[in-house]
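Quick notes on the structure that follows.
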Amino acid sequence: MKIMIVDDCQTTRKLLGHYLKTRGYSVVFAENGLDALEKLGTDPVNLIMADLNMPYMDGLELIKAVRSNSDLKELPILMVTTESDDEEREKALRYGANGYLIKPVTGDVIAQNIKNIIQEMFAKGGIQHD
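Residue numbers (the numbering used here): 7 to 136.
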């Protein structure tokens with residue numbers, strides 16, 4: 007399974023990538039929403055983990071762009087952000103995020119959330135495959 011990590015902080019991308027790689031996931035990195043959309047056009051993934059606050063295109067704009075694209079609209083999106091405000095969380099979920107985690111996070115918490123999202127996707131009728 008391939009996961010895209012979208013975060014403007016290189017240290018966070020490396021840390022989340024390490025968490026995922028040690029659990030057997032393949033990882034693709036993007037620095038912001040625009041970078042993510044470009045890469046999604048050429049490098050299909052099974053799930054996106056995105057930060058909320060990023061330059062050029064933030065996490066909410068990325069969710070909107072993915073959900074409005076017929077080829078990507080079912081792609082699971084897990085927000086991983088420092089934004090602990092309930093309003094931001096509600097907005098992200100309303101826009102179509104499948105989960106919302108507040109940094110700092112552990113590898114185990116991320117793995118459990120990914121597992122939960124995948125189970126929900128299968129329950130609804132499937133998940134995208136490479």
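Backbone N, C-alpha and C fix where the C-beta goes; we use that ideal spot for every residue, glycine too. Predicted, not measured: the structure shown is a model, and the values here were computed from it.
Identified DSSP bridge partners for residue i
i      : result
Ile123 : None; Ile123 has no bridge partner.
Lys8   : Ser32
Gly39  : DSSP, once it has assigned bridges, lists no residue as partnering Gly39.
Thr87  : Ile108
Spatially closest choice to residue i from the options, by CA coordinates
i      : options                         : result
Ile116 : Met85, Asp92 and Glu96          : Met85
Asn104 : Glu80, Asp91 and Glu93          : Glu80
Leu22  : Thr88, Gly113, Ile108 and Asn38 : Gly113
Gln16  : Ser76, Lys130 and Asn38         : Asn38
Met55  : Lys130, Thr28 and Thr18         : Thr18
Cutoff 7 Å; reference residue i; Cβ partners in own chain excluding five residues on either side
i      : result
Val111 : Val86
Leu78  : Leu46 and Val72
Lys70  : Tyr101
Arg95  : Tyr106
Own chain residues within Cβ distance below 6 Å of residue i, not counting five before or after
i     : result
Leu53 : Ile9 and Pro82
Asp13 : Arg19 and Asp57
Tyr25 : Gly113 and Ile116
beta-carbon residue i near the ligand NAP non-hydrogen atom, thresh 7 Å
i     : result
Thr28 : With respect to the ligand NAP, the structure shown offers nothing to examine, as it has no ligands at all.
Anticipated Cβ contact below 8 Å, residue i with residue j, distance rounded
i     : j     : result
Glu89 : Leu58 : 5 Å
Beta-carbon proximity list for residue i, same chain, < 8 Å, skipping 5 on both sides
i      : result
Tyr107 : First, the amino acid is wrong: residue 107 is Leu here, not Tyr. Cβ within range, chain order: Leu84, Met85, Val86, Thr87, Val115, Ile116 and Asn119.
Arg29  : Gly113 and Ala117
If you pair each beta-carbon of the stretch 35–43 with each one of the stretch 58–74, do three or more pairs fall below 8 Å? yes
Does the stretch 123–132 come close enough to the stretch 26–34 that 3 or more CB-CB pairs lie under 8 Å? no
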